[in-house]
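Heads up: the structure comes next, in structure tokens.
Protein chains in written order, with the numbering used here: chain A, 1 to 119; chain B, 1001 to 1299.
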């Protein structure tokens, strides 16, 4: 993996409390733009003290609606996470993979529209 | 023309309010009595209330706010001194024309109403009124982090699912002798039963709708952002902590304590959803996961 971009939720949110879905959306928009352009990106959680599933679902879980697990695995890394936060992120990712397997929850049209929007 | 000031007051009596099924039953009965009122002077007679668990100000505040939104004037009258003191210390009575009293023992987390866009304001409130308060019990760093994240999960859940237009209400109380901290969040949204019906076509009784929503893998979430973890994470934390969790939504009552779930139907609906958590502040677990999860294995 090439040396890539580093994205800091702390910097994007402007707070160590990464708890709101709307703030996660801001992180998602940057990550989606980078993955779409096939850029390698690392999310550094340095200085983040609180995380919720709501934030991580919006910031990272949502990526699985636009990109395949293979694309995400190839492009995305995380660092500077406490073990408990890492465990939470793993659950968010596993839940997101399950969620997007159910076509009733998220149609192909929505998926295509979102992918286009992030182009 | 008749105005609320010219109308004689209608009085509604409340009894003791504890954070349990009976306490919620009293609040839904109060709401059933108040919900049809329009342009009225309404007095809540507190003369028979000898005990009020302060965190229950969140659901009471929600009921009274909904009532006030129908252009009614609501007053709390005939408060017994000990109840007046606790409801003044946490700022609840200041919403009904009285002064806030200084909480010299620092056992209250103040009553507050938030709009659904107030995530950051809520986060600041939790930091200022709970995390940074030196008077509150000494808890392990891991417990503080899990508690803080749990209340954020509750708030986010209300923001994402409730569709509340009248806000979200919260309040907490520390009980030093019992090593317990209670925190309640109430919203005035569509409730869990309606959410489950709208998104899954499952027409469940209100208590069973809560059972469904708190079960692994179930979510009413649709659209581009996945969901369905918040209540499950909360449930896991409360089980580990040996605390208690209660949810009231519509006429459904659900509680979790010592890994045992109890459900019941209340006699009338609550106009939204309440989540109450009671955490064991004497819990000395570190909550520092010795997780097998590695950064390279996440995706």
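Don't be surprised by glycine CBs; every beta carbon is placed ideally from N, CA and C.
Report the rounded CA-to-CA distance for residue i versus residue j, giving the unit in angstroms.
| i | j | result |
| --- | --- | --- |
| residue 1066 (chain B) | residue 1166 (chain B) | 7 Å |
| residue 1106 (chain B) | residue 1225 (chain B) | 39 Å |
| residue 1139 (chain B) | residue 52 (chain A) | 20 Å |
| residue 1002 (chain B) | residue 1040 (chain B) | Residue confidence is low: residue 1002 (chain B) scores 45 on pLDDT, short of 50, so the model does not pin down where it sits. Its coordinate-derived value is still stated next. Each residue's alpha carbon lies about 10 Å from the other. |
| residue 1141 (chain B) | residue 1147 (chain B) | 10 Å |
| residue 1120 (chain B) | residue 1283 (chain B) | 28 Å |
| residue 1213 (chain B) | residue 1097 (chain B) | 38 Å |
| residue 73 (chain A) | residue 55 (chain A) | 20 Å |
| residue 1176 (chain B) | residue 1103 (chain B) | 14 Å |
| residue 14 (chain A) | residue 1132 (chain B) | 19 Å |
| residue 38 (chain A) | residue 71 (chain A) | 8 Å |
| residue 1209 (chain B) | residue 1196 (chain B) | 7 Å |
| residue 88 (chain A) | residue 1178 (chain B) | 30 Å |
| residue 1285 (chain B) | residue 1084 (chain B) | 37 Å |
| residue 1052 (chain B) | residue 1090 (chain B) | 12 Å |
| residue 1035 (chain B) | residue 99 (chain A) | 39 Å |
| residue 1113 (chain B) | residue 1273 (chain B) | 14 Å |
| residue 1031 (chain B) | residue 1271 (chain B) | 8 Å |
| residue 12 (chain A) | residue 1045 (chain B) | 49 Å |
| residue 1076 (chain B) | residue 61 (chain A) | 46 Å |
| residue 1237 (chain B) | residue 1260 (chain B) | 14 Å |
With a 10 Å radius around its C-beta and 16 neighbouring C-beta atoms as the bar for buried, classify residue i as buried or exposed.
| i | result |
| --- | --- |
| residue 5 (chain A) | exposed |
| residue 95 (chain A) | buried |
| residue 960 (chain B) | Examination of residue 960 (chain B) is not possible in this model, given that chain B is present from 1001 through 1299 alone. |
| residue 1244 (chain B) | buried |
| residue 1207 (chain B) | buried |
| residue 1082 (chain B) | exposed |
| residue 1134 (chain B) | exposed |
| residue 1008 (chain B) | exposed |
| residue 1010 (chain B) | exposed |
| residue 33 (chain A) | exposed |
| residue 1296 (chain B) | exposed |
| residue 66 (chain A) | buried |
| residue 1258 (chain B) | exposed |
| residue 101 (chain A) | exposed |
| residue 1223 (chain B) | exposed |
Going by the CB atoms, is the gap between residue j and residue i shorter than 9 Å?
| i | j | result |
| --- | --- | --- |
| residue 1070 (chain B) | residue 1037 (chain B) | yes |
| residue 78 (chain A) | residue 50 (chain A) | no |
| residue 1183 (chain B) | residue 1062 (chain B) | no |
| residue 1150 (chain B) | residue 1234 (chain B) | yes |
| residue 1143 (chain B) | residue 1241 (chain B) | yes |
| residue 1312 (chain B) | residue 1267 (chain B) | No answer is possible for residue 1312 (chain B): the residues shown for chain B start at 1001 and end at 1299. |
| residue 1042 (chain B) | residue 1012 (chain B) | yes |
| residue 1126 (chain B) | residue 1092 (chain B) | no |
| residue 1117 (chain B) | residue 1160 (chain B) | no |
| residue 21 (chain A) | residue 1156 (chain B) | yes |
| residue 1162 (chain B) | residue 1187 (chain B) | yes |
| residue 1080 (chain B) | residue 1047 (chain B) | yes |
| residue 1111 (chain B) | residue 1158 (chain B) | no |
| residue 1174 (chain B) | residue 1281 (chain B) | yes |
Within a Cβ cutoff of 8 Å, which residues of the same chain sit near residue i, ignoring the five residues on either side of it in sequence?
| i | result |
| --- | --- |
| residue 1094 (chain B) | 1088 and 1100 |
| residue 1265 (chain B) | 1205, 1206, 1207, 1251, 1252 and 1253 |
| residue 1194 (chain B) | 1250 |
| residue 1217 (chain B) | 1228 |
| residue 1145 (chain B) | 1287 |
My guess is that residue i and residue j are in contact by the Cβ rule of under 8 Å, so how many angstroms apart are they, rounded?
| i | j | result |
| --- | --- | --- |
| residue 1269 (chain B) | residue 1074 (chain B) | 19 Å between Cβ atoms; not a contact. |
| residue 76 (chain A) | residue 41 (chain A) | 6 Å |
| residue 57 (chain A) | residue 24 (chain A) | 7 Å |
| residue 1229 (chain B) | residue 92 (chain A) | 7 Å |
| residue 1293 (chain B) | residue 97 (chain A) | Between residue 97 (chain A) and residue 1293 (chain B) the Cβ distance is about 15 Å, and since that is not below 8 Å, they are no contact. |
| residue 63 (chain A) | residue 31 (chain A) | 6 Å |
| residue 83 (chain A) | residue 1299 (chain B) | About 17 Å; that fails the 8 Å criterion. |
For residue i, which residues of its own chain have a beta-carbon under 6 Å away from its beta-carbon, when the five flanking residues on both sides are left out?
| i | result |
| --- | --- |
| residue 1109 (chain B) | 1129, 1130 and 1172 |
| residue 1255 (chain B) | 1246 and 1262 |
| residue 1086 (chain B) | 1054 |
| residue 1 (chain A) | Only weak support is given to the placement of residue 1 (chain A): the predicted model assigns it a pLDDT of 45, under 50, and the value that follows is read from those uncertain coordinates. 40. |
| residue 44 (chain A) | 6, 8, 79 and 80 |
| residue 155 (chain A) | A query on residue 155 (chain A) cannot be resolved here, the shown segment of chain A reaching from 1 to 119 and no further. |
| residue 1180 (chain B) | 1278 |
| residue 1064 (chain B) | 1074 |
Excluding five sequence neighbours on each side, which residues of the same chain lie with their C-beta closer than 7 Å to the C-beta of residue i?
| i | result |
| --- | --- |
| residue 1056 (chain B) | 1017, 1019, 1023 and 1184 |
| residue 1015 (chain B) | 1026, 1048 and 1049 |
| residue 1219 (chain B) | 1227 and 1228 |
| residue 1199 (chain B) | 1220 and 1222 |
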